[in-house]
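Novice: Below is a structure I'd like to ask you about.
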Amino acid sequence: MDNELYDHAVREVGIAVESALRDVVGNDDGYGQRLVGEFIDHLHDEVFVYNTMLKIYRLRLRTFFKFVRNPHAHRKISLTRPHALSLTAHALHLLSDIQQFGGEGDQQ
(Lines of atoms letter the chains of each structure in order from A; the text may use other names.)
(Lines give C-alpha, C1' and ligand atoms only; values in the text may rest on other atoms or scores of the structure.)
Protein backbone atom coordinates (compact mmCIF):
# COMPACT_ATOMS: atom_id res chain seq x y z
CA MET A 244 0.00 0.00 0.00
CA ASP A 245 2.82 2.42 0.82
CA ASN A 246 4.21 1.95 -2.70
CA GLU A 247 0.79 2.77 -4.18
CA LEU A 248 0.37 -0.74 -5.59
CA TYR A 249 -3.25 -0.81 -4.55
CA ASP A 250 -4.47 -3.33 -7.10
CA HIS A 251 -1.66 -5.67 -6.13
CA ALA A 252 -2.55 -5.37 -2.43
CA VAL A 253 -6.18 -6.27 -3.13
CA ARG A 254 -5.10 -9.19 -5.32
CA GLU A 255 -2.77 -10.52 -2.60
CA VAL A 256 -5.36 -10.34 0.16
CA GLY A 257 -7.80 -12.14 -2.17
CA ILE A 258 -5.26 -14.93 -2.56
CA ALA A 259 -4.91 -15.09 1.23
CA VAL A 260 -8.68 -15.45 1.68
CA GLU A 261 -8.85 -18.20 -0.93
CA SER A 262 -5.87 -20.01 0.61
CA ALA A 263 -7.43 -19.85 4.08
CA LEU A 264 -10.64 -21.36 2.73
CA ARG A 265 -8.63 -24.19 1.15
CA ASP A 266 -6.84 -24.83 4.43
CA VAL A 267 -10.07 -24.98 6.43
CA VAL A 268 -11.92 -27.31 4.07
CA GLY A 269 -8.85 -29.38 3.21
CA ASN A 270 -9.15 -28.89 -0.55
CA ASP A 271 -5.87 -28.01 -2.26
CA ASP A 272 -7.35 -27.34 -5.70
CA GLY A 273 -10.69 -25.67 -4.91
CA TYR A 274 -11.33 -22.12 -6.00
CA GLY A 275 -13.98 -19.41 -6.19
CA GLN A 276 -17.66 -20.03 -5.64
CA ARG A 277 -17.23 -23.81 -5.38
CA LEU A 278 -14.77 -23.28 -2.54
CA VAL A 279 -17.24 -20.95 -0.82
CA GLY A 280 -19.85 -23.73 -1.00
CA GLU A 281 -17.41 -26.21 0.53
CA PHE A 282 -16.64 -23.78 3.34
CA ILE A 283 -20.33 -23.26 4.09
CA ASP A 284 -20.81 -27.04 4.11
CA HIS A 285 -17.86 -27.29 6.51
CA LEU A 286 -19.47 -24.74 8.84
CA HIS A 287 -22.75 -26.62 8.69
CA ASP A 288 -21.27 -30.11 9.16
CA GLU A 289 -18.21 -29.58 11.36
CA VAL A 290 -18.76 -26.39 13.37
CA PHE A 291 -21.88 -25.39 15.29
CA VAL A 292 -23.15 -22.42 13.30
CA TYR A 293 -26.71 -21.12 13.13
CA ASN A 294 -28.45 -21.08 9.74
CA THR A 295 -28.58 -17.29 9.87
CA MET A 296 -24.80 -17.17 10.22
CA LEU A 297 -24.41 -19.62 7.33
CA LYS A 298 -26.49 -17.31 5.12
CA ILE A 299 -24.47 -14.28 6.17
CA TYR A 300 -21.13 -15.95 5.42
CA ARG A 301 -22.38 -17.37 2.14
CA LEU A 302 -23.45 -13.88 1.07
CA ARG A 303 -20.26 -12.18 2.30
CA LEU A 304 -17.96 -14.69 0.65
CA ARG A 305 -19.83 -14.97 -2.64
CA THR A 306 -20.00 -11.18 -2.87
CA PHE A 307 -16.29 -10.93 -2.09
CA PHE A 308 -15.35 -13.42 -4.80
CA LYS A 309 -17.71 -11.96 -7.40
CA PHE A 310 -16.95 -8.26 -6.92
CA VAL A 311 -13.50 -8.10 -5.32
CA ARG A 312 -11.38 -11.21 -5.80
CA ASN A 313 -12.35 -12.14 -9.37
CA PRO A 314 -12.04 -8.70 -11.00
CA HIS A 315 -8.68 -8.04 -9.34
CA ALA A 316 -7.36 -11.53 -10.04
CA HIS A 317 -8.08 -11.38 -13.77
CA ARG A 318 -7.24 -7.81 -14.75
CA LYS A 319 -5.50 -4.69 -13.50
CA ILE A 320 -7.93 -2.21 -11.99
CA SER A 321 -7.03 1.34 -11.07
CA LEU A 322 -7.85 2.06 -7.42
CA THR A 323 -7.57 5.00 -5.10
CA ARG A 324 -5.94 4.52 -1.72
CA PRO A 325 -9.24 4.84 0.23
CA HIS A 326 -10.95 2.29 -2.04
CA ALA A 327 -8.04 -0.14 -1.71
CA LEU A 328 -8.00 0.27 2.07
CA SER A 329 -11.72 -0.44 2.20
CA LEU A 330 -11.43 -3.59 0.08
CA THR A 331 -8.42 -4.93 1.96
CA ALA A 332 -10.00 -4.20 5.36
CA HIS A 333 -13.11 -6.13 4.31
CA ALA A 334 -10.98 -9.03 3.08
CA LEU A 335 -8.90 -9.06 6.27
CA HIS A 336 -12.08 -9.30 8.35
CA LEU A 337 -13.17 -12.28 6.25
CA LEU A 338 -9.71 -13.82 6.60
CA SER A 339 -9.83 -13.46 10.38
CA ASP A 340 -13.26 -15.10 10.54
CA ILE A 341 -12.22 -17.95 8.25
CA GLN A 342 -9.14 -18.65 10.35
CA GLN A 343 -11.23 -18.58 13.52
CA PHE A 344 -13.63 -21.17 12.13
CA GLY A 345 -10.75 -23.29 10.94
CA GLY A 346 -9.29 -23.30 14.43
CA GLU A 347 -12.62 -24.29 15.97
CA GLY A 348 -13.07 -27.11 13.46
CA ASP A 349 -9.59 -28.43 14.24
CA GLN A 350 -10.42 -28.63 17.95
CA GLN A 351 -13.41 -30.93 17.48
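In the numbering used here, the protein residues as written are 244 to 351.
Don't be surprised by glycine CBs; every beta carbon is placed ideally from N, CA and C.
Keep in mind it's a predicted model, so treat the numbers as computed, not measured.
#1: If you check the beta carbons only, do E281 and N270 fall under 9 Å apart?
#2: For A332, does the count of other Cβ atoms within 10 angstroms reach 16, so buried, or fall short, so exposed?
#3: Output needed for Y249: all residues of its chain with C-beta closer than 6 Å, excluding positions within five of it in sequence on either side, in chain order.
#4: Among E247, R305, G257, which one has its Cα closest to the Cα of A316?
#5: Exposed or buried, which one is H287 when buried takes at least 16 other CB atoms within 10 Å?
#6: Between the C-alpha atoms of R305 and V290, what's the straight-line distance to the nearest angstrom?
#7: Enumerated in chain order, which unbroken segments of the alpha helix (DSSP H) with a length of 4 residues or greater are wholly contained in the region 297-341?
Specialist: Here's the rundown:
#1: One-based indexing of the sequence shown puts residue 281 at position 38. One-based indexing of the sequence shown puts residue 270 at position 27. Yes, the Cβ-Cβ distance between E281 and N270 is below 9 Å.
#2: On the sequence shown, residue 332 is found 89 positions in, with the first residue counted as 1. Flag for A332 reads exposed.
#3: Residue mapping note: residue 249 aligns to position 6 of the sequence shown, counting from 1. The answer, listed in chain order, is L322, A327.
#4: Looking up residue 316 in the sequence shown gives position 73. It is G257.
#5: Counted from its first residue, the sequence shown places residue 287 at position 44. Counting Cβ neighbours within 10 Å, H287 comes out exposed, since fewer than 16 surround it.
#6: Taking the sequence shown and counting its residues from 1, the one referred to as residue 305 is at position 62. Taking the sequence shown and counting its residues from 1, the one referred to as residue 290 is at position 47. If you take the alpha carbons of R305 and V290, they lie about 20 Å apart.
#7: 313-317
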